[in-house]
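First up is the structure itself, then whatever we jot down about it.
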Amino acid sequence: MDIALVLKAAGAALIVSVVCQILSRSGRDEQAMLVSVAGVIIILLMIVDELDTLITSIRDIFGI
Amino acid sequence: MTVLFKLCGVALIAAICSYVIKKWTSGGTALFVSLTLILMLCSAIMRLYPSLTVLRELMSDNLSSGYFSLMLKALGISLVVKAVSEICGQMGETALSGAVETVGKGEIFILCIPYIVDTVESLKELLL
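In order, the protein sequences belong to chains A and B.
For what it's worth, my numbering labels the leading residue of the first sequence as 1, then goes sequentially.
For what it's worth, my numbering labels the leading residue of the second sequence as 1, then goes sequentially.
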């Protein structure tokens with residue numbers, strides 16, 4: 001059980017949210033949007049890897 | 001038992017992190033919570049592997065091994081569908097969540113069709 005991955009994702013989400021807030025309050029909305037898109041892509045990549053592991057495990061264990 | 005406590009701990013940590021992120025920023029935590037959900041499901045399913053292997057070996061020589069394999073496949077389909085449906089619901093897409101559940105039910109029904117046909121034909125032979 002990779003708990004570190006959960007903490008990494010939480011840290012990434014927090015950092016991205018804070019940076020977006022700082023950028024949007026200093027009037028740089030486009031850069032804030034780019035940072036939020038980058039954060040979403042990073043977490044999506046983490047999810048895709050783990051989803052692949054989950055579905056492969058289910059296929060192997062349940063014989064689907 | 002220790003895995004149970006680890007999973008509970010991970011769920012608590014994820015819930016606390018999600019709460020903190022929501023409080024401090026206006027950002028959504030759906031992706032982060034979905035990742036945690038997938039990790040926990042992976043861990044729980046890996047725990048089932050030894051027990052299911054033993055059951056499969058016990059049922060392999062049995063007459064009802066086909067039914068057992070059907071049960072296992074239905075269980076696997078329901079787990080995948082449940083996980084994806086919850087992730088879609090977490091993102092606010094309840095229509096997608098419902099569609100995934102419908103697809104899962106259809107798949108399980110398709111798996112059962114050969115056994116339903118066999119049962120009906122056996123009944124026909126008995127009654128006619």
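Glycine is no exception: its CB is placed at the ideal position from the N, C-alpha and C atoms.
(1) DSSP three-state label for M91 of chain B, please.
(2) Could you have a look at I15 of chain A and say whether DSSP puts it in helix, strand or coil?
(3) Which chain B residues are close to E50 of chain A, counting only those with a beta carbon under 8 Å from its beta carbon?
(4) With 8 Å as the C-beta to C-beta threshold (strictly closer), list the residues of the stretch 23-48 of chain A near chain B in chain order.
(5) With the cut-off set at 9 Å, would you say M40 of chain B and A11 of chain B are in Cβ contact?
(6) So, is the C-beta of T29 of chain B closer than 9 Å to a C-beta in chain A?
(7) Could you have a look at S85 of chain B and say whether DSSP puts it in helix, strand or coil?
(8) Quick one: measure Cβ to Cβ for L79 of chain B and L52 of chain B, integer angstroms, because I've assumed they're closer than 8 Å.
In this structure, then:
(1) Mapped onto the second sequence, residue 91 of chain B falls at position 91. Looking at M91 of chain B - three-state DSSP - the assignment turns out to be coil, as it is neither helix nor strand.
(2) The residue you call residue 15 of chain A lines up with position 15 of the first sequence. Here I15 of chain A carries a helix assignment [DSSP, helix/strand/coil].
(3) Within the first sequence, residue 50 of chain A is the residue found at index 50, counting from 1. Those within 8 Å of E50 of chain A in chain B are L35, I38, L39 and C42.
(4) Per Cβ criterion, the list reads S36, V40, I43, L44, M46 and I47.
(5) Walking along the second sequence from the start, residue 40 of chain B turns up at place 40. Walking along the second sequence from the start, residue 11 of chain B turns up at place 11. It is a contact, given that the beta carbons lie within the stated cut-off.
(6) For the purposes of this step, residue 29 of chain B is identified with residue 29 of the second sequence, where counting begins at 1. Cβ-Cβ to chain A under 9 Å: yes for T29 of chain B.
(7) The count along the second sequence starts at 1 and reaches residue 85 of chain B at position 85. Of the three classes helix, strand and coil, the one that applies to S85 of chain B here is helix, per DSSP.
(8) Here residue 79 of chain B corresponds to residue number 79 of the second sequence, with the count starting at 1. Here residue 52 of chain B corresponds to residue number 52 of the second sequence, with the count starting at 1. The distance from the Cβ of L79 of chain B to that of L52 of chain B is about 12 Å, inconsistent with a contact at the 8 Å cut-off.
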